[in-house]
Ligand SMILES: *Cc1c(COP(=O)(O)O)cnc(C)c1O
């Protein structure tokens with residue numbers, strides 16, 4: 273019998289359900305704002321870079337464009353196949369067997385997943401009842417656990433909660449291990465730590481092309497940190513880790529800053545619309561700085577019932593049963609989702625009314 277190494281023996285595969293849909297509001301993907309630019313980008317690929325040659329192993333042009341977009345030095349950036357590759361590289365670089373890795377729960381599932389694959393021990397601290405975080409608790413626990421890495425998803429997926437810079441900086445100063453601030457949704461939030469990596473010995477910021485830039489299909493993400501940290505990551509990163517097509521497209525779109533900011537402004541407006549709409553219904557939405565809203569609803573199998581109408585949202589099991597995450601869509605999508613939700617809430621009221629006449 274072939275057996276895997278111990279750490280992954282009971283790891284379930286990461287399953288992504290492929291379902292037919294009308295509205296896809298389950299994975300926080302951005303809108304396809306670069307559709308027109310992509311044709312030109314692909315056209316110019318016929319000559320540059322030549323597809324028979326290996327791509328630039330250091331992704332220089334892409335890092336230059338991203339450095340320009342983020343206002344950071346390209347030397348502070350390492351790029352890869354989505355933030356997912358960056359999360360894996362961080363575990364690879366800093367986690368030995370049984371080493372603790374600290375974060376809050378609920379949060380992005382990839383931290384626990386990659387931690388487990390590399391034999392580490394993931395410790396998810398409880399959020400407060402309203403899903404905000406007490407970083408003072410994190411500091412105390414870090415002193416007790418001595419983690420090898422701390423992960424903060426900011427804004428947090430799935431809750432949308434946000435920790436201000438000053439609090440994150442207190443954490444950075446209080447602990448000695450690397451603190452990874454996953455800023456996948458930073459464009460939709462009020463603040464970012466990305467320009468401060470040179471001021472902290474232990475700050476790692478993650479950014480992605482998958483959300484505000486609307487390019488989830490080409491799998492692009494990056495890590496931003498001081499040069500001591502990028503040197504460590506560059507030591508273990510695979511050569512030519514990023515394919516030439518993604519490097520090429522990813523760099524080109526970053527020239528269109530106005531398109532990105534116009535889209536971000538639209539999402540923020542629609543987030544407000546969706547939040548107010550949810551607030552008027554018998555559900556509890558939580559304030560969000562991402563392109564999604566987390567809410568609680570007392571309807572059994574809500575996600576399944578919505579999916580039957582072609583509307584996909586994300587649901588949660590275990591301790592977070594009854595909680596859902598919906599991506600902020602365009603106005604018509606948000607309206608359609610709210611109408612469908614209202615319909616299901618009314619059905620539920622009807623059921624209760626017939627049960628208790
Ligand atoms: C969507 C998301 C990412 C992006 O992952 P990619 O691999 O870059 O597509 C990273 N972190 C969080 C918290 C996310 O929600």
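In the working numbering, the protein residues as written are 273 to 629. We put the CB at the ideal spot given by N, CA and C, even for glycine.
- When DSSP states are grouped into helix, strand and coil, residue 523 belongs to the helix group.
- Checking the 6 angstroms criterion, the Cβ of residue 429 is within range of a heavy atom belonging to ligand 1.
- As computed with DSSP, residue 491 is found in no beta bridge at all.
- In this structure, the alpha-carbon of residue 443 lies about 8 angstroms from that of residue 408.
- A distance below 6 angstroms between beta-carbons, with the five flanking residues on each side excluded, links residue 454 to the following residues of its chain, in chain order: 425 and 478.
- Counting along the chain, the unbroken beta strand (DSSP E) around residue 423 starts and ends at 421-425.
- At least one heavy atom of ligand 1 is found less than 6 angstroms from the C-beta of residue 493.
- Residue nearest to residue 577 within the set 596, 562, 564 and 565 is 596 (criterion: CA-CA distance).
- At the C-beta level, residue 331 and residue 593 stay beyond 7 angstroms of one another.
- Residue 383 counts as buried, since no fewer than 16 other beta carbons sit within 10 angstroms of its beta carbon.
- Under the 8 angstroms Cβ criterion, the segment 561-579 counts as touching the segment 455-466, having at least three qualifying pairs.
- Rounded to whole angstroms, the gap between the alpha carbons of residue 323 and residue 333 is 16 angstroms.
- The three-state secondary structure of residue 577, taken from DSSP, is helix.
- For the options 533, 557, 608 and 522, the alpha carbon positioned closest to that of residue 314 is the one of 522.
- For residue 380, the shortest separation between its Cβ and any heavy atom of ligand 1 lies below 6 angstroms.
- Set against 6 angstroms, the gap from the CB of residue 454 to the closest heavy atom of ligand 1 is smaller.
- Going by DSSP, residue 313 is part of the alpha helix (DSSP H) stretching over 307-316.
- In this chain, the beta strand (DSSP E) harbouring residue 375 covers 372-377.
- Residue ranges of uninterrupted alpha helix (DSSP H) with 4 or more members, entirely inside the segment 466-518 and ordered along the chain, are 499-508.
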